[in-house]
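Residue numbers (this note's numbering), protein chains in the order written: chain A, 41 to 385; chain B, 324 to 461.
Down below is the structure, laid out as structure tokens.
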Amino acid sequence: MKLNRLNTVSWTDSQLLYHAQPRLGREGLNLLSPGSPYVCIGYFQDVDQEVDVELCRQQGIPIFRREVGGGAVYLDGEQLFYQLIIHRDNPLAPHGWEAFYRRFLQAPIAAYQALGIPAEYRPVNDIVAKGRKVSGNGAAEIGDYLVLVGNLIVDFDYENMARVLKVPDEKFRDKLYQTLRENLSTIRREIGAAPPREELWDLMAEEFSKVLGPMDTVTEVDEEWRAEAENLAQTMLTDEWLYKRRGRPRDRKVTIRAGVEVRQKMYKAPGGLIRLIAELRDGRLGAVSFSGDFFFYPSEKLVDLEAALVGVRPEDAEQVIRRFYEEQGIESPGVTPADLAHVLM
Amino acid sequence: MQIGEYNFPDDLLFDKEHSWARIEGTTATIGMSDFGQDLAGEIVYAEVPRVGREITQGEPFMSVESGKWVGRINAIVSGEIVEANEEIEWESTLINEDPYGEGWFAKVEISGEPEGLMKPSDPEFATLIASEREKYGK
Numbered sequence: 041m042k043l044n045r046l047n048t049v050s051w052t053d054s055q056l057l058y059h060a061q062p063r064l065g066r067e068g069l070n071l072l073s074p075g076s077p078y079v080c081i082g083y084f085q086d087v088d089q090e091v092d093v094e095l096c097r098q099q100g101i102p103i104f105r106r107e108v109g110g111g112a113v114y115l116d117g118e119q120l121f122y123q124l125i126i127h128r129d130n131p132l133a134p135h136g137w138e139a140f141y142r143r144f145l146q147a148p149i150a151a152y153q154a155l156g157i158p159a160e161y162r163p164v165n166d167i168v169a170k171g172r173k174v175s176g177n178g179a180a181e182i183g184d185y186l187v188l189v190g191n192l193i194v195d196f197d198y199e200n201m202a203r204v205l206k207v208p209d210e211k212f213r214d215k216l217y218q219t220l221r222e223n224l225s226t227i228r229r230e231i232g233a234a235p236p237r238e239e240l241w242d243l244m245a246e247e248f249s250k251v252l253g254p255m256d257t258v259t260e261v262d263e264e265w266r267a268e269a270e271n272l273a274q275t276m277l278t279d280e281w282l283y284k285r286r287g288r289p290r291d292r293k294v295t296i297r298a299g300v301e302v303r304q305k306m307y308k309a310p311g312g313l314i315r316l317i318a319e320l321r322d323g324r325l326g327a328v329s330f331s332g333d334f335f336f337y338p339s340e341k342l343v344d345l346e347a348a349l350v351g352v353r354p355e356d357a358e359q360v361i362r363r364f365y366e367e368q369g370i371e372s373p374g375v376t377p378a379d380l381a382h383v384l385m
Numbered sequence: 324m325q326i327g328e329y330n331f332p333d334d335l336l337f338d339k340e341h342s343w344a345r346i347e348g349t350t351a352t353i354g355m356s357d358f359g360q361d362l363a364g365e366i367v368y369a370e371v372p373r374v375g376r377e378i379t380q381g382e383p384f385m386s387v388e389s390g391k392w393v394g395r396i397n398a399i400v401s402g403e404i405v406e407a408n409e410e411i412e413w414e415s416t417l418i419n420e421d422p423y424g425e426g427w428f429a430k431v432e433i434s435g436e437p438e439g440l441m442k443p444s445d446p447e448f449a450t451l452i453a454s455e456r457e458k459y460g461k
């Protein structure tokens, strides 16, 4: 196994190089950072649905579709990427994705711990410290190779992350920003400083070698690798690839970390359209906001209903809403407690 | 046939990668087995192949995303896609909920004889599932 210690690379190389390795039949661990910021969307995402493309264009922020799953992310040089490409028959590669994540995330977890951050594995693919996500990870099968990509987050640009994502309205964006701040942390936030970059790379190399065994260090991209990356660029840097419609999600959901998400849903009840923005934390509702074009009397009680739902499991919401309707004498023609509960599920 | 908690209908053929095929004449309806969908976990996206595309047994022909990974599905037969189940692009959990029914992937006009397919009653199939269950802790 080669350790490709490439330090800072162009943003395109930070994606194309690991996509090229399986196609060349090469295993390897890459440690690198992008030289400039960009937005990266999951393989199945629809860029128009997920990203404010116009804003990115105005700000000169490129957008890339990776062959790895998950959601849209804002990436920059304050994040240290690790990219593991391993053949599926390599005895080091465990069977099953949870086992795969669990084994290879040991390295970044140990690196965080060495920095004094109490990081731990959270299934399926998160690393958390004191309940907050400190590293994002994704995986894919590319040919006969299993690919893990993830990052150590030295610093995070919460504002730009919330800005580049396409959201239904500013209320949703504020909620997203707050939820990101509350649930995603960084090395700088946790220990009050950013260790020298070289020290972090050394730490990652050391911890990964404990999991993968000794590796030969390479610091340059060779000719064959460069040629394959350039070949891939002909496809993966085109608008055709970026705008290709793949998945078809009907509602909007932003996962902050395993167990924490912000949802936006719409439901057409007989009495009108119900819009929902809700935070879900470990199976319970956080902040809830209903809007739409239905009638709700007395209207000022809607805020109280939203407050009454905080901490409730979505599956118990109908009962809570029903009781609230009875106690407060709520009338909402054509919109039943069951309709409101339906959008919460 | 039931093996543990997994259902493997007797009229279907299976491969080692947990795909199934219902072969009627020269057409095969194909999909993911009950065991395969359980291994995958909740499938959040599926991308079905387009009609007219030629696929080759053992080679990837579609992708699914599930449990934080993107996986390729290898074709269980070779031939031309004559019908694709676009419904699973809208409701990908159909693959989990009804893998042999509404969760089917595609219909293929078969070219050549598919190799290495097994009936649920074949002893080698029982051996395969037993070893896979052990491997994945299922």
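Backbone N, C-alpha and C fix where the C-beta goes; we use that ideal spot for every residue, glycine too.
Note that the structure is a prediction, hence the values are computed from the model and not measured.
Backbone secondary structure at residue i - three-state DSSP
{"i": "H59/A", "result": "helix"}
{"i": "P148/A", "result": "helix"}
{"i": "Q274/A", "result": "helix"}
{"i": "F364/A", "result": "helix"}
{"i": "E346/A", "result": "helix"}
{"i": "D83/A", "result": "The identity of residue 83/A in the sequence shown is Tyr, whereas the question assumes Asp. Reduced to three states, the DSSP call for Y83/A is coil."}
{"i": "W392/B", "result": "strand"}
{"i": "N70/A", "result": "strand"}
{"i": "E181/A", "result": "strand"}
{"i": "G176/A", "result": "coil"}
{"i": "R376/B", "result": "coil"}
{"i": "Y368/B", "result": "strand"}
{"i": "G424/B", "result": "coil"}
{"i": "T450/B", "result": "helix"}
{"i": "W343/B", "result": "strand"}
{"i": "I157/A", "result": "coil"}
{"i": "A169/A", "result": "strand"}
{"i": "Y283/A", "result": "coil"}
{"i": "R97/A", "result": "helix"}
{"i": "F196/A", "result": "coil"}
{"i": "A269/A", "result": "helix"}
{"i": "P332/B", "result": "coil"}
{"i": "R297/A", "result": "strand"}
Sub-7 Å separation of residue i and residue j beta-carbons
{"i": "V405/B", "j": "Q380/B", "result": "no"}
{"i": "Y198/A", "j": "R221/A", "result": "yes"}
{"i": "L57/A", "j": "A269/A", "result": "yes"}
{"i": "A369/B", "j": "I411/B", "result": "yes"}
{"i": "I317/A", "j": "Y307/A", "result": "no"}
{"i": "N397/B", "j": "F428/B", "result": "no"}
{"i": "F334/A", "j": "G311/A", "result": "yes"}
{"i": "H135/A", "j": "Y329/B", "result": "no"}
{"i": "M244/A", "j": "M41/A", "result": "no"}
{"i": "L188/A", "j": "F144/A", "result": "yes"}
{"i": "D379/A", "j": "A309/A", "result": "yes"}
{"i": "S386/B", "j": "R395/B", "result": "yes"}
{"i": "V91/A", "j": "T219/A", "result": "no"}
{"i": "I167/A", "j": "I193/A", "result": "no"}
{"i": "K459/A", "j": "L124/A", "result": "There is simply no residue 459/A to check, as chain A begins at 41 and stops at 385 in what is shown."}
{"i": "V367/B", "j": "E347/B", "result": "no"}
{"i": "A60/A", "j": "L272/A", "result": "yes"}
{"i": "P131/A", "j": "I101/A", "result": "no"}
{"i": "V393/B", "j": "G109/A", "result": "yes"}
{"i": "W343/B", "j": "G327/B", "result": "no"}
Beta-ladder partner(s) of residue i, from DSSP
{"i": "N223/A", "result": "The partner list for N223/A (beta bridge, DSSP) is empty, contrary to what the question assumes."}
{"i": "A318/A", "result": "R303/A, V328/A"}
{"i": "N419/B", "result": "DSSP, once it has assigned bridges, lists no residue as partnering N419/B."}
{"i": "D256/A", "result": "K42/A"}
{"i": "V187/A", "result": "I125/A, A180/A"}
{"i": "E406/B", "result": "K430/B"}
{"i": "F104/A", "result": "C80/A"}
{"i": "F337/B", "result": "W343/B, M441/B"}
{"i": "M388/A", "result": "This structure cannot speak to residue 388/A, because chain A is shown only from 41 to 385."}
{"i": "I353/B", "result": "A344/B, A429/B"}
Supposed close pair residue i, residue j - CB separation, criterion 8 Å
{"i": "E230/A", "j": "A169/A", "result": "6 Å"}
{"i": "F121/A", "j": "S73/A", "result": "6 Å"}
{"i": "Y83/A", "j": "E107/A", "result": "5 Å"}
{"i": "P163/A", "j": "A298/A", "result": "7 Å"}
{"i": "N44/A", "j": "V258/A", "result": "5 Å"}
{"i": "P443/B", "j": "F331/B", "result": "4 Å"}
Near the ligand GDP: residue i beta-carbon under 6 Å from a heavy atom
{"i": "G156/A", "result": "This structure lacks the ligand GDP; in fact it carries no ligand of any kind."}
Contact set between residue i and chain E, taken where Cβ atoms lie within less than 8 Å
{"i": "G394/B", "result": "No chain E appears in the structure shown, which is made up of the protein chains A and B."}
Check your understanding: In chain order, what residues of the stretch 419-436 of chain B put their CB closer than 8 Å to some CB of chain A?
Key -> none
**Study point:** Residues from the stretch 66-95 of chain A in contact with chain B, defined by Cβ distance under 9 Å
**Key:** Contacts with chain B (Cβ-Cβ distance below 9 Å) from the stretch 66-95 of chain A involve G82, Y83, F84, Q85, listed in chain order.
Check your understanding: What residues in the stretch 329-350 of chain B bring their beta carbon closer than 7 Å to a beta carbon of chain A?
Key -> none
Review point. When you check each C-beta in the stretch 108-141 of chain A against every C-beta of chain B, which residues fall closer than 7 Å?
Key: V108, G109, G110, H135, G136, W137
Point to revise | Near-chain B residues of the stretch 168-185 of chain A (beta-carbon distance less than 9 Å), N- to C-terminal order | key: N177, G178, A179, A180, E181, I182, G183
Check your understanding: What are the residues of the stretch 401-421 of chain B that lie near chain A, defined by any Cβ-Cβ distance shorter than 7 Å?
Key -> E412, W413
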